[in-house]
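Below you'll find the structure, written out as structure tokens, and then a few comments.
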Amino acid sequence: MDFTLPLTPQYTQTGGGTKAAGAATTAFGEYAVAATILFTLIVFLFEAYLNFRQRKSYYKTDFPSELETTVGNIDQETKSTTTATAAADKKEESSKSSSSNGDDKKVDRNAPILPQLKSKFSNAQSYGLDKINFAICSSTYAVTEEVVFLLYGFLPYIWDKACTIGANYGWTETENEIKITLVFMGLVTIVGTITSLPFELYSTFEIEKKHGFNKQTLGLFFMDKLKGLVLTALFGGPFVALLLKIIFAGGDKFYLYVWAFTFTFSVIMMTLVPVVIMPLFNKYEKLPDGPLKDSIYELAGKLSFPLTKLFVMDGSKRSSHSNAFMFGFMK
Numbered sequence: 000m001d002f003t004l005p006l007t008p009q010y011t012q013t014g015g016g017t018k019a020a021g022a023a024t025t026a027f028g029e030y031a032v033a034a035t036i037l038f039t040l041i042v043f044l045f046e047a048y049l050n051f052r053q054r055k056s057y058y059k060t061d062f063p064s065e066l067e068t069t070v071g072n073i074d075q076e077t078k079s080t081t082t083a084t085a086a087a088d089k090k091e092e093s094s095k096s097s098s099s100n101g102d103d104k105k106v107d108r109n110a111p112i113l114p115q116l117k118s119k120f121s122n123a124q125s126y127g128l129d130k131i132n133f134a135i136c137s138s139t140y141a142v143t144e145e146v147v148f149l150l151y152g153f154l155p156y157i158w159d160k161a162c163t164i165g166a167n168y169g170w171t172e173t174e175n176e177i178k179i180t181l182v183f184m185g186l187v188t189i190v191g192t193i194t195s196l197p198f199e200l201y202s203t204f205e206i207e208k209k210h211g212f213n214k215q216t217l218g219l220f221f222m223d224k225l226k227g228l229v230l231t232a233l234f235g236g237p238f239v240a241l242l243l244k245i246i247f248a249g250g251d252k253f254y255l256y257v258w259a260f261t262f263t264f265s266v267i268m269m270t271l272v273p274v275v276i277m278p279l280f281n282k283y284e285k286l287p288d289g290p291l292k293d294s295i296y297e298l299a300g301k302l303s304f305p306l307t308k309l310f311v312m313d314g315s316k317r318s319s320h321s322n323a324f325m326f327g328f329m330k
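Each residue of the sequence shown is one higher than the one before, starting from 0 at the first, in numbering that gives the first Met the number 0.
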């Protein structure tokens with residue numbers, strides 16, 4: 000490998016190394032690989048600087064005084080506003096407990112927030128430190144992989160491999176470019192899945208498990224990966240094929256058609272993902288009637304939010320992180 004400027008990938012696409020007689024070579028063309036690597040490293044170094052700066056904050060063991068003052072004031076205000084209604088709440092709690100089986104635990108919504116935050120501060124710092132150390136290591140590998148792939152011509156090599164696979168079915172690069180592109184995208188996806196797999200496994204079964212968040216089994220993990228690859232092929236393949244057809248047939252105004260197509264596709268996916276794709280990974284059940292449901296609808300009404308349905312997702316089978324989200328298009 001020759002590292003002298005201008006950098007040239009060790010592998011170039013078949014036929015890509017020849018140049019027509021008299022063809023002009025621009026400075027950008029000559030130094031495209033070197034410029035790409037330089038830009039990649041600049042972005043990486045800037046992000047690394049931000050990560051290391053943030054990393055320092057996770058070594059702090061003292062609870063932030065500004066936050067302590069702010070939350071303390073909130074607790075004082077909450078205490079003063081709830082004193083007048085404490086008797087009524089206690090009476091309501093007694094009436095509910097008399098009709099229950101005694102197994103449910105009542106959450107005190109008026110409990111001071113500051114002691115709860117302080118008790119979780121050290122654990123949050125430890126979790127944040129592990130996460131950012133992992134992010135630094137994984138991003139370092141990612142940029143190293145990207146630079147190595149550029150220097151050794153990984154993408155041209157995969158394209159030629161796709162052409163070779165296509166040739167077995169009688170496809171040519173000129174007549175069947177879309178089919179070969181789909182094979183190329185498939186190969187790149189497989190390689191990317193393999194190289195990222197160790198990092199995903201470590202993040203899930205080491206870091207998340209260490210801090211008590213992971214509830215996912217290896218079987219469920221790989222089943223999710225398999226489902227993701229299948230969905231990528233089912234939706235991503237036709238999307239890329241139609242996109243290329245639009246580019247080839249769009250002429251000088253192809254970018255307008257590409258914009259209209261991607262916008263339409265995004266709107267369709269906004270509708271399909273919550274009702275078709277997400278149920279493949281999680282189970283959704285309607286939130287039963289009760290105080291929680293009534294409180295949520297009451298809050299939505301105050302905010303003029305068009306809430307129509309509430310579901311409970313079994314996300315706890317993968318993680319103990321709290322999560323909530325909204326979806327829908329208009330009403």
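The beta-carbon is built from N, C-alpha and C at its ideal position, and this holds for glycine as well.
As the structure is a prediction and not an experimental result, all values here were calculated from the model.
Would you call the CB atoms of residue i and residue j closer than 8 Å?
| i | j | result |
| --- | --- | --- |
| residue 192 | residue 233 | no |
| residue 238 | residue 262 | no |
| residue 71 | residue 113 | yes |
| residue 31 | residue 4 | no |
| residue 164 | residue 187 | no |
| residue 161 | residue 190 | no |
| residue 241 | residue 221 | no |
| residue 150 | residue 12 | no |
| residue 226 | residue 280 | yes |
| residue 286 | residue 310 | yes |
| residue 291 | residue 299 | no |
Who pairs with residue i in a beta bridge, going by DSSP?
| i | result |
| --- | --- |
| residue 153 | The partner list for residue 153 (beta bridge, DSSP) is empty, contrary to what the question assumes. |
| residue 213 | 318 |
| residue 285 | 310 |
Let me check understanding here. Comparing Cα to Cα, which of the options lies closest to residue i?
| i | options | result |
| --- | --- | --- |
| residue 37 | 245, 174, 145 and 155 | 145 |
| residue 115 | 39, 255, 74 and 42 | 74 |
| residue 276 | 249, 161 and 231 | 231 |
| residue 313 | 292, 284 and 175 | 284 |
| residue 48 | 308, 76, 61 and 138 | 138 |
| residue 62 | 117, 12, 43 and 249 | 117 |
| residue 282 | 290, 273 and 302 | 273 |
| residue 174 | 207, 244 and 147 | 244 |
| residue 224 | 205, 123 and 200 | 200 |
| residue 269 | 194, 79, 209 and 326 | 326 |
| residue 332 | 76, 80 and 142 | Because the chain in this structure spans residues 0 to 330, residue 332 falls outside the shown range and cannot be described. |
| residue 50 | 64, 68, 119 and 127 | 127 |
| residue 35 | 168, 7, 257 and 60 | 7 |
| residue 59 | 69, 306, 247 and 121 | 121 |
| residue 77 | 64, 45, 111 and 69 | 111 |
| residue 46 | 135, 66, 29 and 124 | 135 |
| residue 123 | 267, 206 and 155 | 206 |
| residue 247 | 176, 80 and 155 | 176 |
| residue 308 | 257, 322 and 293 | 293 |
| residue 180 | 155, 198 and 203 | 155 |
| residue 185 | 250, 256 and 236 | 236 |
| residue 198 | 295, 29, 140 and 147 | 140 |
| residue 119 | 303, 210 and 256 | 210 |
| residue 148 | 39, 171 and 68 | 39 |
How is the alpha helix (DSSP H) around residue i delimited, first residue to last?
| i | result |
| --- | --- |
| residue 260 | 253-271 |
| residue 386 | Since the displayed the chain opens at 0 and closes at 330, residue 386 lies outside it and no answer follows. |
| residue 237 | 236-248 |
| residue 297 | 290-301 |
Residue range of the beta strand (DSSP E) that residue i falls in?
| i | result |
| --- | --- |
| residue 184 | Careful: residue 184 lies outside any beta strand (DSSP E), inside the alpha helix (DSSP H) at 176-201. |
| residue 311 | 310-312 |
| residue 224 | Unbroken run through residue 224 is the alpha helix (DSSP H), 217-230; no beta strand (DSSP E). |
Sufficient close CB pairs (3 or more, under 8 Å) joining the region 214-229 to the region 306-324
Judged by Cβ distances under 8 Å, the region 214-229 makes contact with the region 306-324, as three or more pairs qualify.
Count the CB pairs spanning the region 124-131 and the region 45-57 that are closer than 8 Å, and state whether there are at least three.
Flag = yes, the region 124-131 and the region 45-57 touch.
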